[in-house]
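Numbering (our numbering), first residue to last: 8 to 142. All C-beta atoms in this analysis are idealised placements derived from N, C-alpha and C, irrespective of residue type, glycine included. Here the structure comes first, spelled out in structure tokens, and everything after it is commentary.
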């Protein structure tokens, strides 16, 4: 995995995975976490493509998907900006959390774990991260 900087953003690029999906996922995540602020200007497609040393069409594809998500908006003659709608970002975060939870629950079920087992593992992990001993 290769870490690259592009337009003030940091990307972890894995050349074994589709590049546009990596850009898309990493920008989505940065917006959802607030690392990229509401209304912030995004680097131009050309600028980001040059800095990441990839085809501009790859970056354009990711930007188009971000716009379809409602996370960015184009301003004629000014460039691409992160949405200024906190509601839109919150809705995206909620949807993303639900997707992660669904995948997690499905994986736990495929391991044959009961809901009680999963709750126990989560409690222990939380306790460990809080500096305590496992319950």
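Check, Outcome
"Is residue 22 helix, strand or coil by DSSP?", "coil"
"Could you compute how far the alpha carbon of residue 72 sits from the alpha carbon of residue 31?", "7 angstroms"
"Should residue 129 go down as buried or exposed, given a rule of 16 or more other Cβ atoms within 10 Å for buried?", "exposed"
"Around the C-beta of residue 66, are 16 or more other C-beta atoms found within 10 angstroms, so that it is buried, or is it exposed?", "buried"
"Buried or exposed: residue 25, going by 16 or more other Cβ atoms within 10 Å of its Cβ?", "exposed"
"Pick from 53, 83, 82, 74: whose alpha carbon is nearest that of residue 34?", "74"
"Measuring CB to CB, does residue 91 end up less than 7 angstroms from residue 46?", "yes"
"At the level of alpha carbons, what is the spacing between residue 132 and residue 138?", "10 angstroms"
"Hey, residue 20 and residue 29 are a contact pair by Cβ (cut 8 angstroms); roughly how many whole angstroms apart?", "6 angstroms"
"Three-state secondary structure (DSSP) at residue 118?", "coil"
"Could you compute how far the alpha carbon of residue 40 sits from the alpha carbon of residue 94?", "14 angstroms"
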